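Below is one structure, written out as structure tokens; the observations come after it.
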Amino acid sequence: MKVAAARAIVALARNQPNRILCPDRPHQRAAPAPSDTIMPTTFLYSNCADAASAVQDELEAASAAGYGVDPQHVFWEAAPASVPALQRPRLRALQHQVQPGDAVVALRLCSLGWSVPEVLATVRRFRLLGVALYCVQLSRDDLASATSPDAVEVLRAVAALEGATRSVRVRESLAAAKAMGRQVGRPPKHTPEQRHAILSALAAGYSVSETARRFSTSRQTVLRIRAAEPLAQRAAALALADAEESATETATE
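Each step along the sequence shown adds one to the number in numbering that gives the first Met the number 0, with nothing skipped, and position 111 is 110.
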């Protein structure tokens, strides 16, 4: 039975290559006659299949989960994780193929994205298209429904947690780097000697534009160096005052 079904898929792929085996261009649904009633279609999408036999396995798994899908409505590929979900060729083709009221079924959550934000972006996209979206691995709820199911709310909570965790880790890393005296952020474009030479040129009466040309830099860079100088001088003066005060206290003791 399974072998016969797989052969049927291969035969269909040979007769209608755009429908299953050709990832380059989506197949187009025939325009119905004015009197025809368009029936909703259920599609199967997978980013975990790399051969017709794997497609057959996913068709059987979808059927066992209660989703009947015609083999001609299968979109599959094996795009790498470096490709965002919504930019995968076959998923893009599927977005052009579906109509409002249709349904898309994916067996695994990774078919909808390789990260929680990617999955949520896919859910939003199909919601905008008016297409129901089901993930057998996650739940039987329509992930793209107007009233977000619990599964989507959990994904949003996880995404928020991941974002907060990243922010905390970045702040902690910056604080630790500053405490160790390390440079935080982009390294300065100019060395201390070059900054001193730029300030000396300004003090000698050269304009900002002339100074920028002399040192092959931009006016904005010269302005930033000039603006930062009073702050640096003030910090140096405070550090010197603190050192002198500490020395005086030590001598008094």
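Just so you know, even glycine gets a beta-carbon here, dropped at the ideal spot from N, CA and C. Quantities reported herein were computed from a predicted structural model and do not represent experimental measurements.
Taken in chain order, the complete alpha helix (DSSP H) segments of 4 residues or longer contained in the segment 60–130 are 88–96 and 115–128. HIS72 is classed as buried because its beta carbon has at least 16 other beta carbons within 10 Å across all chains shown. The Cβ-Cβ distance between LEU119 and GLN136 does not fall below 8 Å. As computed with DSSP, TYR205 is found in no beta bridge at all.
Approximately 23 Å separates the beta-carbon atoms of ALA77 and ALA102; this is outside 8 Å, ruling out the contact.
Under the 8 Å Cβ criterion, the segment 123–133 counts as touching the segment 142–161, having at least three qualifying pairs. Membership of LEU160 in the alpha helix (DSSP H) is indicated by the continuous run 149–178. Boundaries of the beta strand (DSSP E) around SER45: 41–45. For SER217, the secondary structure class from DSSP, reduced to helix, strand or coil, is coil. Per DSSP, the beta-bridge partners of SER138 are CYS134. For ASP56, the secondary structure class from DSSP, reduced to helix, strand or coil, is helix. Going by C-alpha positions, SER199 is about 27 Å away from ARG181. In this structure, TRP113 sits away from ALA158, with a CB-CB distance that is not shorter than 8 Å. In the three-state reduction of the DSSP assignment, THR146 falls in the coil class. Around the beta carbon of ALA226, fewer than 16 other beta carbons sit within 10 angstroms, so the residue counts as exposed. Between SER45 and LEU106, the C-beta gap is smaller than 8 Å, which places the two residues in contact. Excluding five sequence positions before and after VAL68, the CB atoms of its chain that fall closer than 8 Å to its own CB belong to THR41, PHE42, LEU43, LEU58, ALA61, SER62 and VAL104, given in chain order. For the pair GLY65 and GLN98, the Cα-to-Cα distance works out to about 21 Å. Around the beta-carbon of ALA176, fewer than 16 other beta-carbon atoms lie within 10 Å, marking it exposed. Assignment of THR190 by DSSP, reduced to helix, strand and coil, places it in the coil class.
Under the three-state reduction of DSSP output, ILE224 falls in the helix class. When ILE224, LEU173, ARG155 and TYR205 are compared, the shortest CA-CA separation from ARG123 is found for ARG155.
CA-CA distance, SER138 to SER166, rounds to 31 Å.
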